[in-house]
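Written out below as structure tokens is the structure these notes cover.
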Amino acid sequence: MNTLFSRISILTGVSIAISGAYAAIFSNSFLLYFVNIMFYIALLFIIIGGFVFLFQRGFFNVTMYAFKKLGRSNKKIESLIEGEEECDPKEILYRTYSFTWTYPIVITGIILGALSTIIGFAIK
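Numbering (our numbering), first residue to last: 23 to 146.
Written as structure tokens, this is what we have:
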């Protein structure tokens with residue numbers, strides 16, 4: 023749990039620093055650009071984290087299984103490849119992955135999105 027909190031803190035701090043630096047350098051209205059850039063970074067984190075979450079849970083295993091099966095149907099190409107180990111294509115259907123940065127990325131995106139929304143309503 024401590025590593026999860028430290029990763030979230032690092033991502034949040036770096037994202038806020040990038041938003042602040044970009045808003046200070048490239049804009050006339052600091053707070054407006056700060057909120058906008060922070061929201062864009064939050065959206066990027068949520069999209070990337072959501073995709074990695076779906077991938078690690080096996081959402082795309084059926085697609086990978088179909089491509090493996092399609093690739094195996096061509097015996098001519100398979101006979102040209104030497105030394106390829108034989109693996110069970112059904113193993114792909116039940117394979118799961120584990121990425122340590124998935125939850126910190128998603129949680130950081132949610133935190134930054136909520137923070138930028140709150141700041142955005144506060145400045146209006």
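All residues carry an ideal CB built from backbone N, CA and C; glycine is no exception.
Note that the structure is predicted; figures quoted are calculated from it, not measured.
- In terms of Cβ geometry, Leu134 and Ala46 do not form a close pair [threshold 8 Å].
- Taken in chain order, the whole alpha helix (DSSP H) runs of length 4 or more contained in the segment 25-86 are 52-78.
- C-alpha of Ala136 to C-alpha of Tyr116: approximately 35 Å in a straight line.
- A distance below 8 Å separates the beta carbons of Val57 and Gly142.
- Annotation for Thr124: the continuous alpha helix (DSSP H) segment containing it runs 124-145.
- Only buried fits Ser37, as 16 or more other CB atoms lie within 10 angstroms of its CB.
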